[in-house]
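Residue numbers for the sequence shown follow numbering that gives the first Met the number 0, beginning at 0 and rising by one.
We put the CB at the ideal spot given by N, CA and C, even for glycine.
Input: a single structure, listed below in structure tokens.
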Amino acid sequence: MSRTRRQHSAPTSSRETIQPPGTGQLLVGMVAVTVLVAVIGSLANSGVALVGLLVFLPATAAALCTVRQTALVCAWTALLGSAAFLPGGSDVAPADRVLLLVLTACLITASLYACRRRIRSERTMVRLHSAAVAMQRQILRPLPLRTDDVLVDGVYEPVQEDRLVGGDIYDVVESAWGTRVLIGDVQGKGLDAVGTAFAVLGSFREAAHREPTLTALVDALDASVVRHNSYVARAGDDERFVTALVLNIDTRDEVDEVQAVNCGHVPPHLLDADAVTSPPLDSGVPLGLAALAAEPVTVGRFPFPGGAALLLSTDGLTESRAADGEFYPLDERLAVLGDLPRSDLPRTLHEDAHAYAGKAEPHDDVAILTVRRAPTLP
């Protein structure tokens with residue numbers, strides 16, 4: 000298979016670590032809190048009130064600041080606390096002064112320790128996320144992908160929500176029976192979902208060359224999910240299913256037709272010169288649940304004339320929500336944007352869905368593909 004290599008875009012994420020305040024912000028905050036506490040201590044005529052309120056500074060810094068910033072806040076707190084208990088500065092008994100100073104020192108020590116643990120934990124999580132995304136992107140081939148039959152272009156955007164990685168997948172395999180195209184979405188998020196995605200992709204790349212029919216190919220994919228679920232169940236992890244859309248496109252006999260099996264996935268859209276339509280396909284059960292289905296796998300067929308294109312996507316696009324909770328109106332937007340160049344359409348739809356959702360953070364991976372007949376090479 001020949002293909003032009005293009006790097007995926009960077010993953011989107013609202014945050015990977017807590018961003019510490021700037022030095023100026025920190026100093027302004029320290030002074031403001033100190034002045035406020037000093038006023039309260041003056042009104043209460045007690046230095047104990049001063050220390051009792053200032054101890055919140057190290058705890059807050061441990062949750063938001065770097066280790067150096069936390070150490071600065073702790074030193075500031077210790078200095079002010081000591082000054083409050085200088086002889087003549089308070090009517091508190093000497094034994095109580097010592098006890099309060101010891102408790103303040105313990106809180107400062109605990110704050111520094113907690114800050115170090117938090118930063119170490121965040122760095123570990125970032126490394127794990129980076130490794131997961133790197134593995135996922137190594138197994139998902141860069142777009143566009145080209146075979147003798149089709150050119151597949153699109154956009155793939157993994158999202159890291161609450162430090163998790165999703166499991167959207169796609170692949171294109173050129174076989175003896177035509178080009179097989181897969182797009183799918185693993186239930187759930189996290190590294191377990193990525194593991195299921197890898198199992199399906201590995202099975203697809205092998206079975207697409209072995210199985211002559213689309214039904215046999217889908218049966219092989221379902222069996223791979225069942226085997227993987229059996230393995231993870233023994234390890235105590237959750238079993239998962241995979242929604243998928245599998246296509247077969249063969250242009251060698253000049254047959255303008257696509258064979259498709261929909262396993263509970265978002266249906267495709269056919270973009271022709273005149274209209275945008277949804278080909279009539281029966282929606283079966285997701286991969287991994289075939290044993291529960293009452294009917295066998297059904298292969299649908301629909302025309303795929305020259306000049307037309309197929310739009311495939313995962314529910315990260317269709318389930319984007321506006322502030323009022325309304326889902327992204329994909330059919331309506333395709334009626335407006337369907338005339339765009341096919342290579343630009345996936346990225347435009349993705350940006351349009353982001354704009355539709357407004358300030359809401361993306362909740363799922365997004366994969367959007369366009370499939371069109373490969374142009375003739377000179």
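- Query: What is the residue span of the alpha helix (DSSP H) that P304 lies within?
  - Reply: First-last for P304: undefined, no H or E at that position.
- Buried or exposed: D273, going by 16 or more other Cβ atoms within 10 Å of its Cβ? exposed
- Alpha carbon to alpha carbon, how far is L25 from T123? Give it in angstroms, no decimals. 26 angstroms
- Rounded straight-line distance, which links the Cα of K188 to that of V231: 15 angstroms
- Name the residue from V260, T212, A192 whose alpha carbon lies nearest to the alpha carbon of D379. For residue 379 there is no data in the structure shown, the boundaries of the chain being 0 and 377.
- Task: Could you please give the first and the last residue of the uninterrupted beta strand (DSSP E) stretch that includes T178?
- Result: Taken as a continuous stretch (DSSP letters only), the beta strand (DSSP E) holding T178 covers 177-185.
- Message: Give me the DSSP bridge partner(s) of S223.
- Response: Beta bridge pairing from DSSP links S223 with no other residue.
- Query: What is the DSSP secondary structure of S129, counted as helix, strand or coil?
  - Reply: helix
- Message: Along the chain, where does the beta strand (DSSP E) containing A334 start, and where does it finish?
- Response: Note, A334: premise wrong, no beta strand (DSSP E); alpha helix (DSSP H) at 329-336.
- Task: Give the straight-line distance between the Cα atoms of R162 and R239, rounded to the nearest whole angstrom.
- Result: Only weak support is given to the placement of R162: the predicted model assigns it a pLDDT of 42, under 50, and the question is left unresolved by the model.
- Query: Does DSSP classify R233 as helix, strand or coil?
  - Reply: helix
- Query: Among Y112, V36, A113, S81, which one has its Cα closest to the Cα of L380?
  - Reply: No answer is possible for residue 380: the residues shown for the chain start at 0 and end at 377.
- Message: Quick check: the Cα distance between A373 and D148, rounded to an integer number of angstroms?
- Response: 6 angstroms
- Item | R371 in three-state terms, based on DSSP | strand
- Query: Going by DSSP, what residues sit across from G299 in a beta bridge?
  - Reply: In the DSSP secondary-structure assignment, G299 is bridged to A259.
- Sort out for me which residues DSSP pairs A243 with in a bridge. G183, G263
- Query: Which two residues bound the contiguous alpha helix (DSSP H) that contains G189?
  - Reply: First-last for G189: undefined, no H or E at that position.
- Message: Which of the three DSSP states is assigned to D249 in this structure?
- Response: coil
- Message: Suppose you measure from the CA of G194 to the CA of N228; what does that come to, to the nearest Å?
- Response: 10 angstroms
- Which one or two residues does DSSP pair with G153 in a beta bridge? L368
- V296 beta carbon less than 8 angstroms from that of G283: yes
- Query: Rounded to a whole number of angstroms, what is the C-alpha to C-alpha distance between V370 and V151?
  - Reply: 5 angstroms
- Item | A289 classed as buried or exposed, judged by whether at least 16 other C-beta atoms fall within 10 angstroms | buried
- Message: Between which residues of its own chain and H208 is the CB-CB distance below 6 angstroms, once the five residues before and five after are set aside?
- Response: S174
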